[in-house]
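Read left to right, the sequence shown gives residues 51 to 104 (our numbering).
Only one structure is covered here, and it is reproduced in the block below.
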Amino acid sequence: MAAESQLMSARGRAKHFIICDSCFWCASFIQARFLGSCPSCRSRRLSRMQVYAP
């Protein structure tokens with residue numbers, strides 16, 4: 051039960067690596083859900099990958 055609680059807590063703090071497919075701007079975000087377009091070129095073509103830390 052404690053391990054499940056730790057997993058749920060870690061998911062809530064998930065970090066994401068985001069890269070713009072148009073201009074290759076990139077960043078890491080703790081909560082990336084709010085980012086809808088690239089702050090550099092305004093393209094909506096963003097790729098994101100969740101980053102896990104041990």
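Ideal Cβ placement from N, Cα and C applies to all residues, glycine included.
These figures come from a predicted structure and were not determined experimentally.
> The beta strand (DSSP E) with Phe79 in it runs from where to where?
Replying inline: Following the DSSP letters along the chain, one finds Phe79 inside the beta strand (DSSP E) bounded by residues Cys76 to Phe79.
> When DSSP labels each residue in this structure, what does Ser85 get in the three-state scheme?
Replying inline: Position check: residue 85 holds Leu in this sequence, whereas Ser was assumed. In this structure, Leu85 counts as coil in the three-state DSSP scheme.
> Should Cys88 be labelled buried (16 or more other beta-carbon atoms within 10 Å of its own) or exposed?
Replying inline: With 16 or more Cβ atoms within 10 Å of its Cβ, Cys88 is classed as buried.
> Where does Arg98 fall in DSSP's three states?
Replying inline: Arg98: strand per DSSP, three-state reduction.
>> On a Cα-Cα basis, can you pick out the residue from Phe67, Phe74 and Met99 that is closest to Cys91?
In response: Comparing Cα-Cα distances from Cys91 to each of Phe67, Phe74 and Met99, the minimum goes to Phe74.
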